[in-house]
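Q: Letter 70 of the sequence shown, counting from 1, is numbered 69 in my numbering, and no numbers are missing. Glycine included, every Cβ here is placed at the ideal spot set by N, Cα and C. Submitted below is the structure of interest, expressed as structure tokens.
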Amino acid sequence: MKLSLIVMTSFYPAAQHAVHYADTLARTFGGQVVLLHANRVALFDPYIFAGEGLRREELRGAAEMKSLLARQAEKLGAPATVEIATDLLPEVARDLLARYHPALFVVGRPVPTRTGPEDFSSVVLELLQAAHIPVLLVPQGAAAANPPRRVLIAADCEEFSVSGAAVGVHQLLVSLGAAVTVAHVSALEEDDSCLYALNAVRRSGILAALPEAELRGYQHKDAVSGVLEGMHDTQADLVVVVARPRSYLGELFHESVTAQVMHQSTVPVLVVPAAQNVETPGPSKNLKKQAQRHSSSAH
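Below, the structure is given as structure tokens:
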């Protein structure tokens with residue numbers, strides 16, 4: 000089955016830029032683009048309290064909206080289709096997943112001076128909660144004409160699994176043929192911690208059948224600054240971060256390292272949701288505890 004990229008679209012510049020970026024990616028791995036217009040991403044149906052009158056009001060312009068987006072879809076290089084929803088509820092997300100088998104959702108990010116981390120991280124958070132698949136956040140100024148060639152994976156010392164989410168991420172990385180660097184940020188120079196971070200990424204399955212990733216460590220008290228240094232140091236044009244369940248199932252996602260990287264990065268950030276309850280088969284527990292104590296890159 001052909002993989003899809005579902006793009007949250009609108010008529011504003013950031014969303015339009017994300018559409019073009021998704022089109023470039025889809026053409027790279029022979030996929031398709033789904034242009035999704037939804038007024039909100041929500042976990043609960045707002046019409047339960049607001050009434051069906053509001054739903055009918057919001058659906059009034061749906062036909063014209065779909066027609067305008069269909070014209071945009073015809074101009075893309077990859078096969079494209081259009082979906083309209085008043086609200087991207089969990090059941091709507093599950094239906095889209097069943098019909099299109101998307102590799103990820105794509106969301107445009109306006110320039111940072113116009114928004115704060117909480118403005119767009121709430122959308123990413125609700126997508127992670129509703130669909131449990133990776134979300135790609137595309138800054139408005141990121142290059143959209145060419146696919147990424149250098150990928151930075153930010154990793155801490157904590158074991159993780161990405162289960163079903165790995166399929167789309169892995170296929171994307173293989174199709175890109177990009178050079179991959181695993182970056183570990185810690186307050187102290189800890190080669191053992193760097194190695195543990197690399198092995199955690201390997202065991203997740205994201206790097207399966209890919210050329211050996213380069214490993215780099217960055218010494219920073221602030222994890223976000225370390226990740227951004229790694230991005231500039233490796234000239235990465237895509238950053239991959241892991242979102243822990245305790246983060247994206249919590250209420251303070253916009254204060255997490257992941258959200259801060261999303262807000263400050265000048266290149267697209269791929270947020271991959273980790274599965275819960277992963278055992279640690281690697282180095283000793285003492286080494287793991289020591290690494291976590293010195294690491295400030297937990298997501």
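Consult DSSP for proline 138 and reduce its assignment to one of helix, strand or coil.
A: What you label residue 138 is simply residue 139 of the sequence shown in a count that begins at 1. Correct three-state label for proline 138: strand.
Q: Please tell me whether valine 105 and alanine 17 are closer than 9 Å, where the distance is taken between their beta carbons.
A: In the sequence shown, residue 105 corresponds to position 106, counting from 1. In the sequence shown, residue 17 corresponds to position 18, counting from 1. Going by beta carbons, valine 105 and alanine 17 fall inside the 9 Å limit.
Q: Going residue by residue through the region 137 to 177, where are the continuous alpha helix (DSSP H) segments of at least 4 residues, counting only ones entirely within it?
A: 164 to 175
Q: Contact check, phenylalanine 10 vs leucine 124 under 8 Å by CB: the rounded distance?
A: Residue numbering aside, residue 10 sits at position 11 when the sequence shown is read from its first letter. Residue numbering aside, residue 124 sits at position 125 when the sequence shown is read from its first letter. The Cβ separation is near 24 Å, so there is no contact.
Q: Pick out whichever of Ile5, His183 and Ser224 has its Cα sitting closest to the Cα of alanine 72.
A: The residue labelled residue 72 in the question sits at position 73 within the sequence shown. Per the Cα distances, Ile5.
Q: How far does the beta strand (DSSP E) with glutamine 218 in it reach, from first residue to last?
A: As a working note, residue 218 is residue 219 in the sequence shown. Unbroken beta strand (DSSP E) run through glutamine 218: 213 to 218.
Q: Using a Cβ-Cβ cut-off of 6 Å (strictly less than) and excluding sequence neighbours within five positions of leucine 151, which residues of its own chain qualify?
A: One-based indexing of the sequence shown puts residue 151 at position 152. Correct list, in chain order: Thr180, Ala182, Gly229, Met230, Thr233, Ala235 and Val238.
Q: Mapping DSSP to helix, strand and coil, what is leucine 206?
A: Translated into positions along the sequence shown, residue 206 becomes position 207. Reduced to three states, the DSSP call for leucine 206 is coil.
Q: Do glycine 29 and lysine 74 come within 9 Å of each other at the CB atom, strictly closer than that value?
A: To locate residue 74, count along the sequence shown from 1; it is residue 75. To locate residue 29, count along the sequence shown from 1; it is residue 30. No, the Cβ-Cβ distance between lysine 74 and glycine 29 is not below 9 Å.
Q: In whole angstroms, what separates the C-alpha of valine 223 from that of glutamate 63?
A: Stepping through the sequence shown from its first residue, residue 223 is reached at position 224. Stepping through the sequence shown from its first residue, residue 63 is reached at position 64. In a straight line, the C-alpha of valine 223 is about 43 Å away from that of glutamate 63.
Q: Does DSSP put threonine 233 in a helix, in a strand, or in coil?
A: As a first step, residue 233 must be located in the sequence shown, where it is residue number 234. Coil.
Q: Does the separation of the CB atoms of methionine 261 and glycine 107 fall below 9 Å?
A: For this step, residue 261 is matched to residue 262 along the sequence shown. For this step, residue 107 is matched to residue 108 along the sequence shown. Not closer than 9 Å, so no.
Q: Contact check, valine 134 vs leucine 103 under 8 Å by CB: the rounded distance?
A: Position 135 of the sequence shown holds residue 134. Position 104 of the sequence shown holds residue 103. Rounded, the Cβ-Cβ distance is 6 Å, consistent with contact.
Q: From this set, Pro272, Pro109 and Val240, which residue's C-alpha is nearest alanine 196's C-alpha?
A: Along the sequence shown, one-based indexing puts residue 196 at 197. Checking every option, the nearest Cα to that of alanine 196 belongs to Val240.
Q: Since valine 271 is in the beta strand (DSSP E), which residue starts that stretch and which ends it?
A: One-based indexing of the sequence shown puts residue 271 at position 272. It spans 268 to 272 - the beta strand (DSSP E) in which valine 271 sits, taken as one unbroken run.
Q: Rounded to whole angstroms, what's the CA-CA distance from glycine 76 to alanine 258? Just pull it up for me.
A: Your numbering for residue 76 matches position 77 in the sequence shown. Your numbering for residue 258 matches position 259 in the sequence shown. When rounded, the distance between both Cα atoms is 31 Å.
Q: Count the other CB atoms, across all protein chains shown, that sit within 10 Å of the CB of alanine 92; report buried if there are 16 or more and exposed otherwise.
A: Working through the sequence shown from its first residue, we reach residue 92 at position 93. Label assigned to alanine 92: buried.
Q: Using DSSP with H/G/I as helix, E/B as strand and the rest coil, what is leucine 34?
A: The residue labelled residue 34 in the question sits at position 35 within the sequence shown. Strand.
Q: Could you check how far apart the C-beta atoms of proline 147 and leucine 175 are, in whole angstroms? I think they sit under 8 Å.
A: Counting from 1 along the sequence shown, the entry for residue 147 is found at position 148. Counting from 1 along the sequence shown, the entry for residue 175 is found at position 176. The pair is a contact, with the Cβ atoms about 6 Å apart (cut-off 8 Å).
Q: Who are arginine 93's beta bridge partners in DSSP?
A: By 1-based counting over the sequence shown, the position of residue 93 is 94. Paired residues: none, contrary to the question.
Q: With proline 101 and alanine 129 assumed to form a contact (beta carbons below 8 Å), what rounded beta-carbon distance in angstroms separates them?
A: Taking the sequence shown and counting its residues from 1, one reaches residue 101 at position 102. Taking the sequence shown and counting its residues from 1, one reaches residue 129 at position 130. Proline 101 to alanine 129, Cβ: 13 Å. No contact.
Q: So threonine 265 and glycine 140 are in contact, right, with Cβ under 8 Å, and what is the actual spacing, rounded?
A: Taking the sequence shown and counting its residues from 1, one reaches residue 265 at position 266. Taking the sequence shown and counting its residues from 1, one reaches residue 140 at position 141. 7 Å between Cβ atoms; contact.
Q: Consult DSSP for histidine 16 and reduce its assignment to one of helix, strand or coil.
A: Position 17 of the sequence shown, counted from the first residue, corresponds to residue 16. In the structure shown, histidine 16 sits in a helix (DSSP, three-state: H, G or I).
Q: For a quick check, are the C-beta atoms of valine 33 and serine 3 less than 9 Å apart?
A: Position 34 of the sequence shown, counted from the first residue, corresponds to residue 33. Position 4 of the sequence shown, counted from the first residue, corresponds to residue 3. For valine 33 and serine 3, yes; Cβs fall inside 9 Å.
Q: Tell me which same chain residues have a C-beta within less than 7 Å of the C-beta of serine 160, skipping the five on either side of it?
A: Here residue 160 refers to the residue found at position 161 when the sequence shown is read from its first residue. Excluding sequence neighbours, serine 160 sits near Ser203, Ala273, Ala274 and Val277.
Q: Pick helix, strand or coil for histidine 262, following the three-state DSSP scheme.
A: Along the sequence shown, one-based indexing puts residue 262 at 263. Shown here, histidine 262 sits in a helix according to DSSP, grouped into three states.
Q: Beta-carbon within less than 7 Å of valine 268's beta-carbon, same chain only, minus the 5 sequence neighbours each way: which residues are those?
A: Position 269 of the sequence shown, counting from 1, holds the residue named residue 268. Excluding sequence neighbours, valine 268 sits near Leu136, Val238, Val240, Val260 and Met261.
Q: Which residue from Leu127, Thr23, Ala199 and Val81 puts its Cα closest to that of alanine 144?
A: By one-based count along the sequence shown, residue 144 stands at place 145. Of the listed residues, the one whose Cα sits closest to alanine 144 is Thr23.
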